[in-house]
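*Asks:*
Protein chains: 2
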Amino acid sequence: MTLKKIAIYGKGGIGKSTTVSNIAAAYDNSTFVIGCDPKADTTRTLVGKRIPTILDTMRDNPGCSKEDIVYDGYNNTICTESGGPEPGVGCAGRGVIVAMQLLDKLGAFDSDPDLVIYDVLGDVVCGGFSVPLREDYADEVYIVTSGEYMSLYAANNIAKGIQKLEGKLGGIICNCRNVENEEEVVSAFADKIGSKVIGIIPRSKLVQDSEYKATTVIESFPESQQAEIYHKLIDDIMMNDDIRTPHPMDIDEFEEFFYSYV
Amino acid sequence: MTLKKIAIYGKGGIGKSTTVSNIAAAYDNSTFVIGCDPKADTTRTLVGKRIPTILDTMRDNPGCSKEDIVYDGYNNTICTESGGPEPGVGCAGRGVIVAMQLLDKLGAFDSDPDLVIYDVLGDVVCGGFSVPLREDYADEVYIVTSGEYMSLYAANNIAKGIQKLEGKLGGIICNCRNVENEEEVVSAFADKIGSKVIGIIPRSKLVQDSEYKATTVIESFPESQQAEIYHKLIDDIMMNDDIRTPHPMDIDEFEEFFYSYV
Ligand SMILES: Nc1ncnc2c1ncn2[C@@H]1O[C@H](COP(=O)(O)OP(=O)(O)O)[C@@H](O)[C@H]1O
Ligand SMILES: Nc1ncnc2c1ncn2[C@@H]1O[C@H](COP(=O)(O)OP(=O)(O)O)[C@@H](O)[C@H]1O
Ligand code: SF4
Ligand code: SF4
Ligand SMILES: [Mg+2]
Ligand SMILES: [Mg+2]
Numbered sequence: 001m002t003l004k005k006i007a008i009y010g011k012g013g014i015g016k017s018t019t020v021s022n023i024a025a026a027y028d029n030s031t032f033v034i035g036c037d038p039k040a041d042t043t044r045t046l047v048g049k050r051i052p053t054i055l056d057t058m059r060d061n062p063g064c065s066k067e068d069i070v071y072d073g074y075n076n077t078i079c080t081e082s083g084g085p086e087p088g089v090g091c092a093g094r095g096v097i098v099a100m101q102l103l104d105k106l107g108a109f110d111s112d113p114d115l116v117i118y119d120v121l122g123d124v125v126c127g128g129f130s131v132p133l134r135e136d137y138a139d140e141v142y143i144v145t146s147g148e149y150m151s152l153y154a155a156n157n158i159a160k161g162i163q164k165l166e167g168k169l170g171g172i173i174c175n176c177r178n179v180e181n182e183e184e185v186v187s188a189f190a191d192k193i194g195s196k197v198i199g200i201i202p203r204s205k206l207v208q209d210s211e212y213k214a215t216t217v218i219e220s221f222p223e224s225q226q227a228e229i230y231h232k233l234i235d236d237i238m239m240n241d242d243i244r245t246p247h248p249m250d251i252d253e254f255e256e257f258f259y260s261y262v
Numbered sequence: 001m002t003l004k005k006i007a008i009y010g011k012g013g014i015g016k017s018t019t020v021s022n023i024a025a026a027y028d029n030s031t032f033v034i035g036c037d038p039k040a041d042t043t044r045t046l047v048g049k050r051i052p053t054i055l056d057t058m059r060d061n062p063g064c065s066k067e068d069i070v071y072d073g074y075n076n077t078i079c080t081e082s083g084g085p086e087p088g089v090g091c092a093g094r095g096v097i098v099a100m101q102l103l104d105k106l107g108a109f110d111s112d113p114d115l116v117i118y119d120v121l122g123d124v125v126c127g128g129f130s131v132p133l134r135e136d137y138a139d140e141v142y143i144v145t146s147g148e149y150m151s152l153y154a155a156n157n158i159a160k161g162i163q164k165l166e167g168k169l170g171g172i173i174c175n176c177r178n179v180e181n182e183e184e185v186v187s188a189f190a191d192k193i194g195s196k197v198i199g200i201i202p203r204s205k206l207v208q209d210s211e212y213k214a215t216t217v218i219e220s221f222p223e224s225q226q227a228e229i230y231h232k233l234i235d236d237i238m239m240n241d242d243i244r245t246p247h248p249m250d251i252d253e254f255e256e257f258f259y260s261y262v
């Protein structure tokens with residue numbers, strides 16, 4: 001039986017895929033990793049290469065099978081990528097909808113993985129990108145942020161989306177960019193919106209070094225302190241039962257909050 | 001008669017609004033500034049405060065008039081903000097469509113401003129956000145980027161959208177983040193996609209200092225070197241007649257290109 005279905009949201013470039021792939025690699029039971037960011041590189045470090053996306057595969061071969069879109073990855077993971085629309089025309093969010101429907105139809109969830117993780121872009125919190133939440137694919141959300149303005153701005157917007165949909169927030173993951181007062185501002189932010197910081201991930205060169213070889217830190221540097229941090233994060237997520245609907249700030253409150261820390 | 005209708009695209013947080021408001025303030029003839037980013041803060045430094053957005057105004061007052069959504073700003077500018085959807089439900093891109101239709105209907109373009117500038121988010125290049133281009137509201141695009149991966153990744157995606165719509169790219173604006181080889185990589189990027197760098201904007205503390213007072217650099221530090229740079233940029237844009245459909249890279253080309261510079 002699936003123990004948890006979680007969605008990781010955050011601004012583009014903030015470290016969602018790095019976090020998702022490393023916690024999936026760190027979790028020994030079966031994990032289904034679903035990349036829902038048009039960038040489509042969540043699963044690259046698990047599979048060892050970029051995999052074809054669901055949208056691209058469907059375009060070329062409308063009658064595709066599960067094997068065409070779901071790939072085995074490192075340490076008991078199975079991996080898929082929704083992919084994005086053609087720039088300038090399609091709807092990125094609808095891509096997520098179409099991808100989810102196909103996964104359902106092809107029975108991709110039938111193996112009952114212990115953990116399901118969605119990696120979702122949070123720059124534009126529109127109807128499309130909220131599908132994993134809205135359609136009950138995911139039960140709890142974690143937001144990745146640094147202490148930077150745009151990243152917290154996006155986190156606050158994501159919290160607005162979660163509140164609107166009466167979804168549940170499990171916590172905030174601070175992926176450090178080493179800006180001033182970073183842990184302090186992220187922790188105060190979590191507090192403000194009625195949540196908590198569930199993990200603090202330091203910046204580490206091992207992330208790039210492993211990424212370069214299309215692997216996770218877990219695979220390439222299993223004994224490192226960074227690996228230990230991802231292990232602890234997934235343990236804490238699996239044990240977390242304090243999940244709540246957040247109460248985000250309005251834009252004026254947010255700006256006042258942020259500028260009181262810089 | 002309107003001389004130019006331009007759209008400035010770029011990743012969230014890259015410096016679009018700063019650039020747009022400063023070049024609008026630097027241009028002495030009449031300018032219509034249209035913010036199309038859900039963040040809705042393009043015009044704040046021109047008007048001196050945040051203005052109500054078109055989407056919010058329409059929600060509260062469907063029969064609103066031009067005066068409710070178009071505001072006078074610094075140095076012969078008029079300003080409006082499309083605004084965004086409710087997080088989690090609406091479509092951010094459709095917001096742009098609805099806003100444009102209302103501006104048209106209320107005759108907001110009737111005064112024939114010499115210059116029209118659209119400030120558009122480029123993280124998600126979907127149907128919605130490409131409206132200014134697709135519906136011929138704008139004739140030429142400028143992309144703001146730094147030398148960072150995500151910012152160039154977004155720039156390349158925006159170029160894909162422009163190519164798809166057979167739009168025209170006027171050039172790349174490098175808004176420096178002071179990363180390694182920045183001018184070199186941005187200029188090589190411009191070259192690769194068949195465009196050119198039209199301006200290089202240094203990082204400057206004057207930007208934050210003026211922003212803090214809800215003004216542009218042009219207004220608060222008119223004699224500064226930074227102000228001069230924005231003056232030169234809008235002059236170069238107004239004189240630019242070398243605009244072309246770009247030929248963006250595919251994702252593998254892009255990664256190979258980027259990693260050859262870092
Ligand atoms: N903790 C970290 N330490 C060092 N680099 C990181 C860390 N987290 C992410 N990065 C780097 O930041 C970049 C963006 O991360 P990524 O996971 O792709 O972001 P996202 O999925 O949110 O777009 C990647 O190149 C990655 O190597
Ligand atoms: N040239 C610059 N020098 C210093 N700070 C800048 C510069 N350009 C932008 N910024 C800062 O970066 C932040 C984001 O800029 P903004 O124009 O709001 O980005 P966007 O409109 O693309 O989201 C702002 O706080 C602004 O002060
Ligand atoms: S619902 Fe979201 S993803 Fe879809 S077109 Fe609208 S803004 Fe884009
Ligand atoms: S829903 Fe979002 S991604 Fe889709 S067209 Fe609209 S703005 Fe674009
Ligand atoms: Mg990612
Ligand atoms: Mg902006």
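These protein sequence lines map, in sequence, to chains A and Y. If you read the first sequence in the numbering used here, its first letter stands for residue 1, the second for the next number, and so on. If you read the second sequence in the numbering used here, its first letter stands for residue 1, the second for the next number, and so on. Just so it is clear, CB atoms sit at the ideal spot from N, CA and C, and this is done for glycine as well. None of these values were measured; they are calculated from a predicted model.
Of all the options Y/Ile34, Y/Asn29, Y/Thr145 and Y/Lys192, which has the alpha carbon lying nearest to the alpha carbon of Y/Ile97?
*Replies:* Counting from 1 along the second sequence, the entry for residue 97 of chain Y is found at position 97. Y/Ile97 has its Cα closest to that of Y/Ile34, out of Y/Ile34, Y/Asn29, Y/Thr145 and Y/Lys192.
*Asks:* Cutting at 7 Å between CB atoms, please list the residues of its own chain near Y/Ala311, excluding the five before and the five after it.
*Replies:* In the structure displayed, chain Y extends from 1 to 262; residue 311 of chain Y sits before or after that span and is not available.
*Asks:* Quick check on DSSP: helix, strand or coil for Y/Leu133?
*Replies:* In the second sequence, residue 133 of chain Y corresponds to position 133, counting from 1. In the structure shown, Y/Leu133 sits in a helix (DSSP, three-state: H, G or I).
*Asks:* For Y/Gly171 and A/Phe32, I'd like the C-alpha separation in whole angstroms.
*Replies:* Within the second sequence, numbered from 1, the residue matching residue 171 of chain Y stands at position 171. Within the first sequence, numbered from 1, the residue matching residue 32 of chain A stands at position 32. If I take the Cα positions, the gap works out to 42 Å.
*Asks:* Rounded to whole angstroms, what's the CA-CA distance from Y/Val272 to Y/Asp114? Just pull it up for me.
*Replies:* Because chain Y here runs from 1 to 262, residue 272 of chain Y falls outside it and cannot be looked at.
*Asks:* Give every residue of the same chain whose Cβ lies closer than 7 Å to the Cβ of A/Pro248, excluding the five residues on either side of it in the sequence, and list them in chain order.
*Replies:* Position 248 of the first sequence, counted from the first residue, corresponds to residue 248 of chain A. Excluding sequence neighbours, A/Pro248 sits near Asn156, Ala159, Lys160, Gln163 and Ile193.
*Asks:* Note down the Cα distance separating A/Leu206 from A/Ile218, rounded to an integer number of angstroms.
*Replies:* Counting from one through the first sequence, the residue named residue 206 of chain A turns up at place 206. Counting from one through the first sequence, the residue named residue 218 of chain A turns up at place 218. Approximately 10 Å, taken between the alpha carbons.
*Asks:* When burial is assigned at 16 or more other CB atoms within 10 Å of the CB, is A/Ser111 buried or exposed?
*Replies:* Within the first sequence, residue 111 of chain A is the residue found at index 111, counting from 1. The residue in question, A/Ser111, is exposed, as its Cβ has fewer than 16 Cβ neighbours within 10 Å.
*Asks:* Between the Cα of Y/Val277 and the Cα atoms of Y/Thr57, Y/Glu81 and Y/Arg94, which residue gives the shortest distance?
*Replies:* Summary: the structure shown does not reach residue 277 of chain Y, with chain Y confined to residues 1 through 262, and so no result is reported for it.
*Asks:* Look at the Cβ atom of A/Ala138, then the Cβ atom of A/Ile6, and state whether they are nearer than 8 Å.
*Replies:* Counting from one through the first sequence, the residue named residue 138 of chain A turns up at place 138. Counting from one through the first sequence, the residue named residue 6 of chain A turns up at place 6. Contact: yes.
*Asks:* Given that Y/Glu81 touches chain A, what residues does it touch there, using C-beta distances under 9 Å?
*Replies:* In the second sequence, counting from the first residue as 1, residue 81 of chain Y sits at position 81. The premise fails here: Y/Glu81 is roughly 12 Å from chain A at the closest Cβ pair, so nothing lies under 9 Å.
*Asks:* Residue ranges of each alpha helix (DSSP H) run of no fewer than 4 residues wholly in the segment 187-215 of chain Y, ordered along the chain?
*Replies:* Qualifying alpha helix (DSSP H) stretches, in chain order: 205-212.
*Asks:* Determine which residues share a DSSP beta bridge with A/Cys79 and list them.
*Replies:* Numbered from its first residue, the first sequence carries residue 79 of chain A at position 79. In DSSP, A/Cys79 forms a bridge with A/Val33 and A/Tyr71.
*Asks:* For ligand 5, any of its heavy atoms closer than 7 Å to the Cβ of A/Ser17?
*Replies:* Taking the first residue of the first sequence as position 1, residue 17 of chain A is located at position 17. Yes; taking the cut-off as 7 Å, the Cβ of A/Ser17 has a heavy atom of ligand 5 nearer than that.
*Asks:* Tell me which residues of the segment 159-191 of chain Y have at least one Cβ-Cβ distance to chain A shorter than 9 Å, keeping chain order.
*Replies:* Answer set for the segment 159-191 of chain Y: Ala159, Lys160, Gly161, Ile162, Gln163, Lys164, Leu165 and Gly167.
*Asks:* Which one of Y/Cys64, Y/Gly167 and Y/Gln208 has the shortest CA to CA distance from Y/Ser17?
*Replies:* Translated into the one-based positions of the second sequence, residue 17 of chain Y becomes position 17. Checking every option, the nearest Cα to that of Y/Ser17 belongs to Y/Gln208.
*Asks:* For the putative contact between A/Tyr317 and A/Ile8, defined by C-beta atoms under 8 Å, what is the C-beta separation to the nearest angstrom?
*Replies:* Nothing about residue 317 of chain A can be reported from this structure: the residues present for chain A run from 1 to 262 only.
*Asks:* Tell whether a beta-carbon distance below 8 Å holds between Y/Tyr74 and Y/Ala108.
*Replies:* To locate residue 74 of chain Y, count along the second sequence from 1; it is residue 74. To locate residue 108 of chain Y, count along the second sequence from 1; it is residue 108. No, these two residues do not count as a Cβ contact at 8 Å.
*Asks:* Which of helix, strand or coil does DSSP assign to Y/Arg244?
*Replies:* Looking up residue 244 of chain Y in the second sequence gives position 244. Strand at Y/Arg244.
*Asks:* Going by DSSP in three states, A/Ile251 sits in which element: helix, strand or coil?
*Replies:* The count along the first sequence starts at 1 and reaches residue 251 of chain A at position 251. If DSSP states are grouped into helix, strand and coil, A/Ile251 belongs with the helices.
*Asks:* In whole angstroms, what is the alpha-carbon distance linking A/Cys64 and Y/Asp56?
*Replies:* Start at 1 with the first residue of the first sequence, and residue 64 of chain A comes out as number 64. Start at 1 with the first residue of the second sequence, and residue 56 of chain Y comes out as number 56. Rounded to the nearest angstrom, the two C-alpha atoms are 43 Å apart.
*Asks:* Please confirm whether Y/Leu133 and Y/Val141 have their CB atoms less than 8 Å apart.
*Replies:* In the second sequence, counting from the first residue as 1, residue 133 of chain Y sits at position 133. In the second sequence, counting from the first residue as 1, residue 141 of chain Y sits at position 141. Taking 8 Å as the Cβ cut-off, Y/Leu133 and Y/Val141 qualify as a contacting pair.
*Asks:* Taking only three categories from DSSP, how would you classify A/Tyr9?
*Replies:* By 1-based counting over the first sequence, the position of residue 9 of chain A is 9. Note: A/Tyr9 maps to strand in three-state DSSP.
*Asks:* Beta-carbon within less than 7 Å of Y/Lys51's beta-carbon, same chain only, minus the 5 sequence neighbours each way: which residues are those?
*Replies:* The count along the second sequence starts at 1 and reaches residue 51 of chain Y at position 51. The amino acid occupying residue 51 of chain Y in the given sequence is Ile; Lys does not appear at that position. Correct list, in chain order: Thr43, Tyr71, Cys79 and Glu81.
*Asks:* Kindly indicate which three-state DSSP category Y/Lys4 falls into: helix, strand or coil?
*Replies:* Translated into the one-based positions of the second sequence, residue 4 of chain Y becomes position 4. Strand at Y/Lys4.
*Asks:* Span of the alpha helix (DSSP H) holding A/Asn157?
*Replies:* Locating residue 157 of chain A in the first sequence gives position 157, where the first residue counts as 1. It spans Tyr149 to Lys164 - the alpha helix (DSSP H) in which A/Asn157 sits, taken as one unbroken run.
*Asks:* Quick one: Cα of A/Ser187 to Cα of A/Cys176, how far?
*Replies:* Counting from 1 along the first sequence, the entry for residue 187 of chain A is found at position 187. Counting from 1 along the first sequence, the entry for residue 176 of chain A is found at position 176. Cα to Cα, the separation comes out at about 12 Å.
*Asks:* Going straight from the alpha carbon of Y/Thr245 to that of A/Gln225, what length do you get?
*Replies:* For the purposes of this step, residue 245 of chain Y is taken as residue 245 along the second sequence, with counting starting at 1. For the purposes of this step, residue 225 of chain A is taken as residue 225 along the first sequence, with counting starting at 1. Computed Cα separation, rounded: 48 Å.
*Asks:* Can you check which of these residues, Y/Val116, Y/Glu255, Y/Asp123 and Y/Asp68, is closest to Y/Gly93 by C-alpha distance?
*Replies:* Counting from 1 along the second sequence, the entry for residue 93 of chain Y is found at position 93. Per the Cα distances, Y/Asp123.
*Asks:* Could you check which residue in Y/Ile198, Y/Gly15 and Y/Gly10 has the C-alpha nearest to that of Y/Asp241?
*Replies:* Reading the second sequence from its first residue, position 241 is the one you call residue 241 of chain Y. It is Y/Ile198.
*Asks:* Kindly indicate which residue of Y/Glu180, Y/Ile201 and Y/Ala227 has the alpha-carbon position closest to the one of Y/Ile14.
*Replies:* Looking up residue 14 of chain Y in the second sequence gives position 14. Among Y/Glu180, Y/Ile201 and Y/Ala227, the Cα nearest to that of Y/Ile14 is on Y/Ile201.
*Asks:* Under 6 Å Cβ to Cβ from A/Asp236, same chain only, skipping five residues before and after it: list those, please.
*Replies:* Reading the first sequence from its first residue, position 236 is the one you call residue 236 of chain A. For A/Asp236, where only same-chain residues beyond five positions count, the Cβ hits under 6 Å are Ile198.
*Asks:* To the nearest angstrom, how far is the alpha carbon of Y/Ile234 from that of A/Gly84?
*Replies:* The sequence position of residue 234 of chain Y within the second sequence is 234, counting from 1. The sequence position of residue 84 of chain A within the first sequence is 84, counting from 1. In a straight line, the C-alpha of Y/Ile234 is about 34 Å away from that of A/Gly84.
*Asks:* CB Y/Val185 to CB Y/Tyr259, shorter than 8 Å?
*Replies:* As a first step, residue 185 of chain Y must be located in the second sequence, where it is residue number 185. As a first step, residue 259 of chain Y must be located in the second sequence, where it is residue number 259. No. Outside cutoff.
*Asks:* Classify Y/Leu264 as helix, strand or coil using the three-state DSSP reduction.
*Replies:* Here chain Y has residues from 1 to 262 only, and residue 264 of chain Y is not among them.
*Asks:* Can you name the start and end residues of the alpha helix (DSSP H) that Y/Thr45 belongs to?
*Replies:* Here the question's residue 45 of chain Y lines up with position 45 in the second sequence. Residues Arg44 to Val47.
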